[in-house]
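Structure first, commentary second.
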Amino acid sequence: MRKTERYPVEGSNALWQMYKTVPFLKVIKNFLVIQTARYTPWLPMKNWLYRHLLGMKVGDKTAFALMVMVDLLFPERISVGKDTVIGYNTTILTHEYLIDEYRIGDVKIGDQVMIGANSTILPGVTIDDRATVAAGTVVTKDIAAGSFVGGNPMRVIYTKEEMEQRKKAKQTID
Numbered sequence: 060m061r062k063t064e065r066y067p068v069e070g071s072n073a074l075w076q077m078y079k080t081v082p083f084l085k086v087i088k089n090f091l092v093i094q095t096a097r098y099t100p101w102l103p104m105k106n107w108l109y110r111h112l113l114g115m116k117v118g119d120k121t122a123f124a125l126m127v128m129v130d131l132l133f134p135e136r137i138s139v140g141k142d143t144v145i146g147y148n149t150t151i152l153t154h155e156y157l158i159d160e161y162r163i164g165d166v167k168i169g170d171q172v173m174i175g176a177n178s179t180i181l182p183g184v185t186i187d188d189r190a191t192v193a194a195g196t197v198v199t200k201d202i203a204a205g206s207f208v209g210g211n212p213m214r215v216i217y218t219k220e221e222m223e224q225r226k227k228a229k230q231t232i233d
């Protein structure tokens with residue numbers, strides 16, 4: 060189960076009530092910073108924008124590929140470890156606005172994680188160190204360290220232990 064905080068709303072759907080939960084000027088600032096970062100090819104500048112203008116925690120040598128979309132409303136709830144790669148056009152969400160409620164949850168991505176292109180990471184998810192997420196995956200739950208996951212719905216393809224066994228078997232053959 061994802062770790063999210065739930066807030067009920069009354070009246071129209073939660074998205075119509077967005078500016079009761081997030082200041083309009085914050086959304087405008089975040090939009091401008093995120094759009095600039097999405098198209099910036101210079102990784103140090105991209106990380107600086109995320110850290111200093113959005114309040115994200117971003118580790119050294121982490122690489123956000125072109126067109127990565129971080130959460131517009133609560134980017135400060137995203138933390139990414141060092142030496143991690145976030146693939147092209149990946150979306151990282153920390154909020155969900157539904158009909159009768161909205162949910163907010165931290166996204167924690169560990170060190171040396173590889174996230175393939177066009178993946179979506181939902182709120183309240185933790186991806187532990189050295190995990191690999193296949194391209195196009197919808198990450199709906201926590202991922203253990205060293206695991207390889209993929210698909211929609213997401214499933215574990217190899218655990219850390221299975222990956223280590225495969226590497227040993229390959230070394231024996233070589």
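Residues 60 to 233 (my numbering) make up the sequence shown, in order. Note that beta-carbon positions come from the ideal geometry of N, C-alpha and C, so glycine has one too.
Residue i - partner residues in DSSP beta bridges
i	result
S138	K116, K167
T179	T150, V197
A203	In DSSP, A203 forms no bridge with anything.
V192	I174, V208
R214	G209
V129	I151
Range of the contiguous alpha helix (DSSP H) that encloses residue i
i	result
P103	102-107
I232	219-232
Chain-order list of residues whose beta-carbon lies under 7 Å from that of residue i (same chain, five-residue window excluded)
i	result
N72	I158
Bounding residues of the beta strand (DSSP E) (the contiguous stretch that carries residue i)
i	result
E69	Here E69 belongs to no beta strand (DSSP E), and DSSP marks it neither H nor E.
V172	Run containing V172: none; DSSP gives neither H nor E here.
DSSP-derived helix/strand/coil call for residue i
i	result
T95	helix
R110	helix
A122	strand
I145	strand
I158	coil
V86	helix
Sequence-distant residues of the same chain with beta carbon closer than 8 Å to residue i, five excluded per side
i	result
K219	R189, A203, A204, G205, S206
T143	G118, T121, A122, I168, G169, D170, Q171, V172, M173, I174
Proximal residues to residue i (C-beta, below 6 Å), its chain only, five neighbours per side dropped
i	result
T149	V127, I174, S178
K116	S138
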